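Throughout the sequence shown, residue numbering follows full-length UniProt numbering, covering 1 to 90 in sequence.
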Amino acid sequence: MAQPAFLSSLRSRLRSAPPPTPHHRLQPSRGYHVELGAREKALLEEDVALKRFKSYKNGVKQVSKIGNVLTLAVVLACSYEIAVVATSTK
């Protein structure tokens, strides 16, 4: 009985030994620490021109609360309108 070509190639790949893996101690998992250069330090400094675009946590919380209240008000108004229409048609 003839075997399909892909089965024979699959079997040969399974029979062959996997490539040797390098020893994990020879390759460090993290790179070595390198001191930051002048450009990197300048990029990490706080920029005064961008300070006004910084979002503040309290402001974001307040806007989120206002959005939640408005969403709740819309849901309640829609529910009330549905209840009024349902009771008036009876």
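Note that beta-carbon positions come from the ideal geometry of N, C-alpha and C, so glycine has one too. Small disclaimer: the values here were computed from a predicted structure and weren't measured.
What's the gap between the Cα of Val-75 and the Cα of Glu-45?
To locate residue 75, count along the sequence shown from 1; it is residue 75. To locate residue 45, count along the sequence shown from 1; it is residue 45. So the two alpha carbons sit approximately 46 Å from each other.
Let me know the secondary structure DSSP gives Val-34 once reduced to three states.
Locating residue 34 in the sequence shown gives position 34, where the first residue counts as 1. Val-34: coil per DSSP, three-state reduction.
Helix, strand or coil for Lys-65, going by three-state DSSP, please let me know.
As a working note, residue 65 is residue 65 in the sequence shown. Helix.
How many angstroms separate the CA atom of Leu-43 from the CA atom of Ser-64?
Here residue 43 is taken as the residue at index 43 of the sequence shown, counted from 1. Here residue 64 is taken as the residue at index 64 of the sequence shown, counted from 1. Straight-line Cα distance between these residues: approximately 31 Å.
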